[in-house]
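Residue numbers (full-length UniProt numbering): 1 to 332.
So this is what it looks like as structure tokens:
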């Protein structure tokens, strides 16, 4: 950035302007005029209502590195021993507009504890590189790296695989899941797998669960005027909202007609500012003959399960996802 100049009686003097905030998202992430990015971890945690841990949960969890090149980890959840058969695997990408969040935040942690213990399933809750330090498609690349890690786990002998996966996971029943930005990531995994760009075998993706997925587009929809700020921070500089990372149906996005989609569950909220975009996404996929289902929760806003993991709506979400996971058949 060029230094500013200011006039003085002695002439024109060149000096560096004090950096100022260009973009501020709720105090959690700030982009300064000199390119500096300031993160306030406490603001992220404080922006979510407290989520108490389940008092009687016997689900175990541990953190595992899946991409040592970028020091990316996932949190693996396994229900208590006792299941007679191996369990489906739920890959979970957290929300946060591609800019904030981690699997370690209490609300995401509690949601995954519930999903693992109550479906039941082995849950892999993954971190990915965040924008604006790492703009899209970095998060999508990291998701593909995680799928490759799962593929390698499935190809490994029981002695070489992660012992929890070898003992408890049915990698022929993998469900790729995410909320908000994580739902966007799950869609892009579906396109990569369904088009043959990303190989999964000998693991198999049985379905996708997109919870209030975060999409956008240059042509704005009535309900989404407030959703632009995250995309300003996460899309490549100079990109519009029709960038393929934001808009699956934009002018530069790959056609989806020939992409093989296994069963896909999309969840939205009646009061979600993205509700029109979500409904349009489902309608377009249905028009292509894709096996996609939309479940809309009345009276609920964006991220309701994360904001209130123990509410009535969260209980119903668990039941909806359980029905989908245990009623679906393996696909790709």
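We put the beta carbon where it would ideally sit given N, CA and C, even for glycine.
Predicted, not measured: the structure shown is a model, and the values here were computed from it.
Can residue i and residue j be called in contact, C-beta distance under 8 Å?
{"i": "residue 244", "j": "residue 250", "result": "yes"}
{"i": "residue 59", "j": "residue 88", "result": "no"}
{"i": "residue 115", "j": "residue 321", "result": "yes"}
{"i": "residue 217", "j": "residue 181", "result": "no"}
{"i": "residue 111", "j": "residue 306", "result": "yes"}
{"i": "residue 303", "j": "residue 179", "result": "yes"}
{"i": "residue 93", "j": "residue 128", "result": "yes"}
{"i": "residue 294", "j": "residue 207", "result": "no"}
{"i": "residue 194", "j": "residue 259", "result": "yes"}
{"i": "residue 126", "j": "residue 309", "result": "no"}
{"i": "residue 171", "j": "residue 186", "result": "no"}
{"i": "residue 223", "j": "residue 151", "result": "no"}
{"i": "residue 169", "j": "residue 86", "result": "yes"}
{"i": "residue 256", "j": "residue 288", "result": "yes"}
{"i": "residue 325", "j": "residue 231", "result": "no"}
Taking the C-alpha atoms as reference points, what is the distance between residue i and residue j?
{"i": "residue 323", "j": "residue 132", "result": "37 Å"}
{"i": "residue 235", "j": "residue 135", "result": "6 Å"}
{"i": "residue 299", "j": "residue 18", "result": "45 Å"}
{"i": "residue 296", "j": "residue 25", "result": "27 Å"}
{"i": "residue 273", "j": "residue 215", "result": "11 Å"}
{"i": "residue 37", "j": "residue 27", "result": "12 Å"}
{"i": "residue 64", "j": "residue 167", "result": "16 Å"}
{"i": "residue 177", "j": "residue 22", "result": "33 Å"}
{"i": "residue 13", "j": "residue 241", "result": "Since pLDDT at residue 13 reaches only 35, below the 50 mark, its modelled position is unreliable, and no value is offered."}
{"i": "residue 97", "j": "residue 73", "result": "19 Å"}
{"i": "residue 416", "j": "residue 53", "result": "Examination of residue 416 is not possible in this model, given that the chain is present from 1 through 332 alone."}
{"i": "residue 162", "j": "residue 148", "result": "14 Å"}
{"i": "residue 119", "j": "residue 233", "result": "35 Å"}
{"i": "residue 291", "j": "residue 20", "result": "48 Å"}
{"i": "residue 138", "j": "residue 101", "result": "15 Å"}
{"i": "residue 188", "j": "residue 173", "result": "19 Å"}
{"i": "residue 201", "j": "residue 270", "result": "37 Å"}
{"i": "residue 315", "j": "residue 40", "result": "32 Å"}
{"i": "residue 144", "j": "residue 198", "result": "7 Å"}
{"i": "residue 104", "j": "residue 75", "result": "8 Å"}
{"i": "residue 313", "j": "residue 61", "result": "25 Å"}
{"i": "residue 34", "j": "residue 140", "result": "27 Å"}
{"i": "residue 279", "j": "residue 56", "result": "37 Å"}
{"i": "residue 5", "j": "residue 229", "result": "A caution first: residue 5 carries a pLDDT of 26, below 50, which makes its placement in the model unreliable, though a value can still be read off. Using only the alpha carbons, I get a separation of about 30 Å."}
Starting from residue i and walking both ways along the alpha helix (DSSP H), at which residues does that stretch end?
{"i": "residue 283", "result": "275 to 287"}
{"i": "residue 183", "result": "181 to 194"}
{"i": "residue 229", "result": "228 to 234"}
{"i": "residue 142", "result": "138 to 155"}
{"i": "residue 222", "result": "Looking at the DSSP string, residue 222 is not in any alpha helix (DSSP H), and its letter there is neither H nor E."}
{"i": "residue 113", "result": "106 to 118"}
{"i": "residue 305", "result": "304 to 307"}
If we count the other Cβ atoms within 10 Å of its Cβ and call it buried at 16 or more, is residue i buried or exposed?
{"i": "residue 155", "result": "exposed"}
{"i": "residue 213", "result": "buried"}
{"i": "residue 77", "result": "buried"}
{"i": "residue 157", "result": "exposed"}
{"i": "residue 263", "result": "buried"}
{"i": "residue 205", "result": "buried"}
{"i": "residue 68", "result": "exposed"}
{"i": "residue 248", "result": "buried"}
{"i": "residue 9", "result": "Bear in mind that a pLDDT of 32 at residue 9, under 50, signals an unreliable position, so the model cannot answer this."}
{"i": "residue 196", "result": "exposed"}
{"i": "residue 281", "result": "buried"}
{"i": "residue 319", "result": "exposed"}
{"i": "residue 190", "result": "buried"}
{"i": "residue 283", "result": "exposed"}
{"i": "residue 121", "result": "buried"}
Need the endpoints of the beta strand (DSSP E) that residue i sits in, please.
{"i": "residue 65", "result": "60 to 67"}
{"i": "residue 23", "result": "21 to 25"}
{"i": "residue 211", "result": "205 to 211"}
{"i": "residue 91", "result": "87 to 93"}
{"i": "residue 72", "result": "72 to 78"}
Under three-state DSSP, which class holds residue i?
{"i": "residue 33", "result": "coil"}
{"i": "residue 316", "result": "helix"}
{"i": "residue 291", "result": "coil"}
{"i": "residue 333", "result": "In the structure as shown, the chain starts at 1 and stops at 332, and residue 333 therefore has no counterpart that could be examined."}
{"i": "residue 100", "result": "coil"}
{"i": "residue 254", "result": "coil"}
{"i": "residue 263", "result": "coil"}
{"i": "residue 326", "result": "helix"}
{"i": "residue 52", "result": "coil"}
{"i": "residue 198", "result": "coil"}
{"i": "residue 337", "result": "Outside the shown range of the chain (1 to 332) lies residue 337, about which nothing can therefore be said."}
{"i": "residue 161", "result": "coil"}
{"i": "residue 126", "result": "strand"}
{"i": "residue 38", "result": "strand"}
Does the beta carbon of residue i fall short of 7 Å from some heavy atom of the ligand COA?
{"i": "residue 27", "result": "The ligand COA is not among the ligands present in this structure, which contains no ligands whatsoever."}
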